[in-house]
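Student: For what it's worth, numbering that gives the first Met the number 0 labels the leading residue of the sequence shown as 0, then goes sequentially.
Every residue gets a Cβ at the ideal spot worked out from N, C-alpha and C, and that includes glycine.
Quick one: the structure is below, questions incoming.
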Amino acid sequence: MLKKQMEYYISKSVIEKKVELFKEEKDYVVKHKLIADDIIIVEKENESRFTDAYMERSNKESEELISEENSAFLSQPIEYLQKNKDEFLYFESQWFELIGVEALSLEVDDVFGTYNAMFGLKFQKKMGEALKTYLTKELQEGIGSFSLMFNQGDGLWDVNFALDNIKGFREDMSLEEAFNLVYHFLFILVQTIEENM
Numbered sequence: 000m001l002k003k004q005m006e007y008y009i010s011k012s013v014i015e016k017k018v019e020l021f022k023e024e025k026d027y028v029v030k031h032k033l034i035a036d037d038i039i040i041v042e043k044e045n046e047s048r049f050t051d052a053y054m055e056r057s058n059k060e061s062e063e064l065i066s067e068e069n070s071a072f073l074s075q076p077i078e079y080l081q082k083n084k085d086e087f088l089y090f091e092s093q094w095f096e097l098i099g100v101e102a103l104s105l106e107v108d109d110v111f112g113t114y115n116a117m118f119g120l121k122f123q124k125k126m127g128e129a130l131k132t133y134l135t136k137e138l139q140e141g142i143g144s145f146s147l148m149f150n151q152g153d154g155l156w157d158v159n160f161a162l163d164n165i166k167g168f169r170e171d172m173s174l175e176e177a178f179n180l181v182y183h184f185l186f187i188l189v190q191t192i193e194e195n196m
């Protein structure tokens, strides 16, 4: 899936023998030789990855929309979610779609107090053991580390994990840094599982 998605993205993005890619995509494209030798890769800065993202702040209990946000909201510290525990942040981006992630939400867990990411992941049901193995290995197995369940109706894996357990997580990071960390973690997860199939 990732390889096809990357090939499609590149086919739409090459302009005058140049393509702009972020680090994760650039490394993947080079590793898998998905680009002709005469095409120049320009590496983009992560700060611009989510400028076009769609974001909503909503009430956890009622799921009622509080406010739609623009990319400026990403400069808020992640502790915004600790201070507003009754809210969750819904997030959509073409970059998460590229790696098969649907409907990403961030919130603070009411029981454990951890920062949780929840989303649907487009992987076949048979990939469950590989997903569980990867998450067990890579998450620093803290409290409320992760949960994983296949949703027959959507054909997606419902995934929930604590950001606090991802290597590189810091309490003082911005929401933008948190979304970049989640993206990097999930990009590597998808890449690793597909390469080992």
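In terms of residue numbering, what span does the beta strand (DSSP E) encompassing E23 cover?
Tutor: Position 24 of the sequence shown, counting from 1, holds the residue named residue 23. Counting along the chain, E23 falls outside any beta strand (DSSP E), though it belongs to the alpha helix (DSSP H) covering K22 to K30.
Student: Could you give the DSSP three-state label for G154: helix, strand or coil?
Tutor: Taking the sequence shown and counting its residues from 1, the one referred to as residue 154 is at position 155. G154: coil per DSSP, three-state reduction.
Student: Given a cut-off of 8 angstroms, decide if F160 and L130 are closer than it, judged by their beta-carbon atoms.
Tutor: Taking the first residue of the sequence shown as 1, we reach residue 130 at position 131. Taking the first residue of the sequence shown as 1, we reach residue 160 at position 161. Contact: no.
Student: Who are the near neighbours of S74 in its chain, counting only those whose CB is closer than 6 angstroms to its CB and skipping five residues on each side?
Tutor: Here the question's residue 74 lines up with position 75 in the sequence shown. Excluding positions up to five away in sequence, the list reads S173.
Student: Based on Cα-Cα distance, which residue from M126, F118 and V181 lies nearest to R197?
Tutor: Here the chain covers residues 0 to 196 and nothing more, so residue 197 does not appear.
Student: What span of residues does the alpha helix (DSSP H) with E137 cover, start to end?
Tutor: Working through the sequence shown from its first residue, we reach residue 137 at position 138. That run of the alpha helix (DSSP H) goes G127 to E137.
Student: Taking 8 angstroms as the cut-off, does the region 182-190 touch the region 96-108 (at least 3 CB pairs, one atom from each stretch)?
Tutor: Verdict: yes, contact present.
Student: Report yes if the CB atom of F90 is closer than 8 angstroms to the CB atom of A52, and no otherwise.
Tutor: The count along the sequence shown starts at 1 and reaches residue 90 at position 91. The count along the sequence shown starts at 1 and reaches residue 52 at position 53. Yes, the Cβ-Cβ distance between F90 and A52 is below 8 angstroms.
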